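Engineer: Okay, here's the structure, questions in a sec.
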Amino acid sequence: MHQLQCQCGLVRAEVDCRGTHNRLICYCTDCRAFGRFVVGLRETAANSGSDHPILDAQGGTELIQVAQSKLRFLQGEDQLLAVRLTEQGMIRWYTRCCHTPIGNTMASRGGAFIGLIHSCLTHPQLNADFGDKVAQLNTNTALGTPKPQQHGLFRVISSFLWLLISERVSGRYLQSPLFNADGSPRSVPRVLNAAEVTDLKKPV
Ligand SMILES: [Zn+2]
Ligand SMILES: [Zn+2]
143 MHQLQCQCGL
153 VRAEVDCRGT
163 HNRLICYCTD
173 CRAFGRFVVG
183 LRETAANSGS
193 DHPILDAQGG
203 TELIQVAQSK
213 LRFLQGEDQL
223 LAVRLTEQGM
233 IRWYTRCCHT
243 PIGNTMASRG
253 GAFIGLIHSC
263 LTHPQLNADF
273 GDKVAQLNTN
283 TALGTPKPQQ
293 HGLFRVISSF
303 LWLLISERVS
313 GRYLQSPLFN
323 ADGSPRSVPR
333 VLNAAEVTDL
343 KKPV
């Protein structure tokens, strides 16, 4: 089991790290906008700067993709909040207590996976639990030059599809801790407006 916790320790969870997973850094502008959104909340709450940066030097987010059914909250799940960049966008989960990003999911639990964001993971255990192969995706929208080299896309897509199919066929996707029995998200996502998103996507 890999241990997860928010920065203040109120939210704790564990994820079964056996089986299908992907480890990647995503440089897409949506992931970066979410990272900046959370940093903005921290600055407003004046609790910024007390943990690992969410984004790397080129604006990338490190993620571990696993099946949601492998995630189990131990405490503090009532602290989960969610945001979407658009009406149709992914649901991006974070904590109310200390604004720690938790992960990204599709809007319906049939999406079955969560991209857990490194901020809530146990850094010294990442290699042991998820391997040291880290794919790099969407590098064309990385900040600065030279751009990081894109690699690992095929492996990420094939394990992603395998995860999706096996969760659907087995019915395990119904065991997601992030969605209610009727399939609605545990926390109603706030949808950002266009001006907010444009601001978060500024090429800085
Ligand atoms: Zn917290
Ligand atoms: Zn992304």
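When you line the sequence shown up against our numbering, it's residues 143 to 346, in that order.
Note that the Cβ used here is the ideal one computed from N, Cα and C, for glycine as well.
Quantities reported herein were computed from a predicted structural model and do not represent experimental measurements.
#1: What three-state label does DSSP hand Ala155 in the structure shown?
#2: Nearer than 7 angstroms: is that true of the beta carbon of Val153 relative to any heavy atom of ligand 1?
#3: Any C-beta of chain D sitting closer than 8 angstroms to the C-beta of Arg226?
#4: Give the straight-line distance between the Cα atoms of Asn282 and His260, rounded to the nearest whole angstrom.
#5: Which value, in whole angstroms, describes the spacing of the CA atoms of Leu285 and Arg174?
#6: Can at least three beta-carbon pairs, one atom from the stretch 233-246 and one from the stretch 152-171, be found at a separation below 8 angstroms?
#7: Between which residues of its own chain and Phe321 is the CB-CB distance below 7 angstroms, once the five residues before and five after are set aside?
#8: Quick one: is the Cβ of Gln291 within less than 7 angstroms of any heavy atom of ligand 1?
#9: What residues in its chain sit with their C-beta under 7 angstroms from that of Leu213, if we drop five residues either side in the sequence?
#10: DSSP puts Ala277 in a beta bridge; with which residues?
#11: Would Val333 pass as a contact of Arg178 if the rule is Cβ separation under 8 angstroms?
#12: Ile299 lies in the alpha helix (DSSP H); which residues open and close that run?
#13: Enumerate in chain order the residues of its own chain whose CB-to-CB distance from Gly245 is below 7 angstroms, with the five nearest sequence positions on each side excluded.
Structural biologist: Considering the structure as presented:
#1: In the three-state DSSP reduction, Ala155 falls in the strand class (E or B).
#2: In this structure, Val153 has its beta carbon less than 7 angstroms from a heavy atom of ligand 1.
#3: Absent here is chain D; the protein component of the structure consists of one chain.
#4: It is roughly 21 angstroms from the alpha-carbon of Asn282 to the alpha-carbon of His260.
#5: The straight-line gap from Cα to Cα measures roughly 10 angstroms.
#6: The answer is yes - the stretch 152-171 touches the stretch 233-246, with three or more Cβ pairs under 8 angstroms.
#7: Setting aside the 5 residues that flank it on each side, Phe321 is surrounded in the same chain by Arg251, Pro327 and Arg328, each with a C-beta closer than 7 angstroms to its C-beta; the list follows chain order.
#8: Not one heavy atom of ligand 1 is found less than 7 angstroms from the C-beta of Gln291.
#9: For Leu213, same chain residues with a beta-carbon under 7 angstroms away, outside a window of 5 residues either side, are Ala155, Val157, Ile256 and Pro319 in chain order.
#10: Residue pairing from DSSP places Ala277 in a beta bridge opposite Leu166.
#11: Pairing Val333 with Arg178 gives a Cβ-Cβ distance that is not under 8 angstroms.
#12: For Ile299, the enclosing alpha helix (DSSP H) stretches over residues Leu295 to Ser312.
#13: Within the same chain, Gly245 has close Cβ partners Trp235, Ile256, Gly257, Leu258 and Ile259.
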